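Please read the structure below before turning to the comments.
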Amino acid sequence: MRPIGLVRRRAVVPPADGSDPAPRNVGVLSATTALIVVALYTWYPVLPVVLQRRGADRFEVSAVYTLIGIASSALQIYGGQLADRFGRKPTLALPTFVAAGLYAVAFLSSSWQLLAGALIVLNLTGAIQGPSFVAMTAESVRAQRRAQAFSTFQFAASFATLLGPALGAALLPSLDVRGLIGITAIASLIAAVCRIRLLQEVRPGSEVRVRMPIREAFKGRLRHLSLASTAFLLVASLTVNGPFIALYAHNAGGLAAAQVNLLYSLSWLPAVLLSFWLGRRITALGSARALGIGVAGHLGLLGVWLLLRGFVPMVLVLMASFLFYQLALIAFGTLRIELVSPKSAGATLGVIGTVSGLAAALGPVIAGGVAGVLGPVAAFGLAGGAGIWTLIALRRLGRA
């Protein structure tokens, strides 16, 4: 007997007329993700301050972020196997219910240890969902519309990342962080209910457990895909997802803290507004080529940005750099699904996600140590090296 909630359901049969198999899935995933991200980002940017106020020292705060980064990748390998065995829908929806409970624990917590523990476990549940997000987004539409599907999802997530901090600034004085965490728990519960009721299964569960050992990520074309994924995620962790852009803008660029916050928000605007146009560019260029162009453009403009001083010039160049990054991010989603076997897409994506994510999670720690010796530009030099690594891996992937 299967566990409750993991009963295999009949998958959507691809329409004979060539239309999208389950077009509403992209909208449901995008809307529910945006709901959670908006609520989360009303308070998540001030998490280091919250941890310090509850008694964590600087090292402990850094350790929490490192563990969160590791947790967000560690269980992708198992999440992929579950997605292939039981289907995409339960592997997406059920962890969202668990996440709502963990946010409730964070709401009730009074110590930094309990808050940090809830967030670390929460990211483990997110890792389980990761392969299903990619697989369901791609499998819900016909192959020619995959780039547009990923651009829709990325638009929603990016817009939510912009909106959340603005709402947080308005709500924090009256609700405090605890109240905003409570709202996030409610938002996650609503998203979970919407996912379990509205998502359509696109791939039936298998009677046979799909096994994909980690060593498979280092064989054949998957080896080059794993290397490209690791290199790109390392670029992301050293630039957009890391602390180094903000630190450089403040320490070397001379921008005040409020200006740094505004710099980051404004820099995302073109990337958000042009997400759908970027999806069409990826369809025309091809995923691998678009990923290479995005990485090269992002890092090249970031190199120019390091030479600039003054708020306006730094914002304008960072806008262009983030636009190229958004191109790379959308192409990254389409490239992975194009190169894996439909029969084991979840398991393969899970293996690659675990390997590349864990390796990339070490980037900020290494870069922080190197920057302490060689200066603040060192982290961006490492990002440039990771970018070259990405381009080499993509080139070899094209030849494999």
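Numbered according to the numbering used here, the sequence shown spans residues 41 to 440.
Built from N, CA and C at the ideal position, the CB exists for glycine as well.
Small disclaimer: the values here were computed from a predicted structure and weren't measured.
- With DSSP run on the structure shown, which of helix, strand or coil describes W83? coil
- Output the boundary residues of the alpha helix (DSSP H) element that contains V217. 186-238
- Query: In its own chain, which residues sit with a C-beta less than 6 Å from the C-beta of A146, not counting the 5 before and 5 after it?
  - Reply: L155, A158, I221
- Message: Going by beta-carbon coordinates alone, are I110 and A401 separated by less than 8 Å?
- Response: yes
- Task: Evaluate I44 with the Cβ neighbour count: other Cβ atoms within 10 Å of its Cβ, from every protein chain shown; 16 or more gives buried, anything less gives exposed.
- Result: Residue placement at I44 is poorly supported in this model, since its pLDDT is 30, which falls under 50; the coordinates still yield a value, given next. Exposed, by the Cβ-count rule.
- Item | 8 Å Cβ cutoff met for R186 and I377 | yes
- L339: buried (16+ other C-beta within 10 angstroms of its C-beta) or exposed? buried
- Under a Cβ-count criterion, where at least 16 other Cβ atoms within 10 Å of its own Cβ denotes burial, should W317 be classed as buried or exposed? exposed
- Message: Would Y81 and G208 be called neighbours here (beta carbons separated by less than 8 Å)?
- Response: yes
- Task: Can you say whether S198 is buried or exposed, counting buried as having 16 or more other CB atoms within 10 angstroms of its CB?
- Result: buried
- Query: What three-state label does DSSP hand R435 in the structure shown?
  - Reply: helix
- Item | R320 classed as buried or exposed, judged by whether at least 16 other C-beta atoms fall within 10 angstroms | exposed
- Message: Could you compute how far the alpha carbon of A271 sits from the alpha carbon of G403?
- Response: 10 Å
- Answer with yes or no whether the minimum CB distance from V86 to chain C is below 8 Å. Checking the listed chains, one finds no chain C in this structure; it contains a single protein chain.
- T177, enclosing alpha helix (DSSP H) - first and last residue: 152-179
- Query: Run through DSSP, which three-state label would S315 get?
  - Reply: helix
- Classify N281 as helix, strand or coil using the three-state DSSP reduction. coil
- CA nearest to the CA of L134, picked from R435, S172, T192, L278: S172
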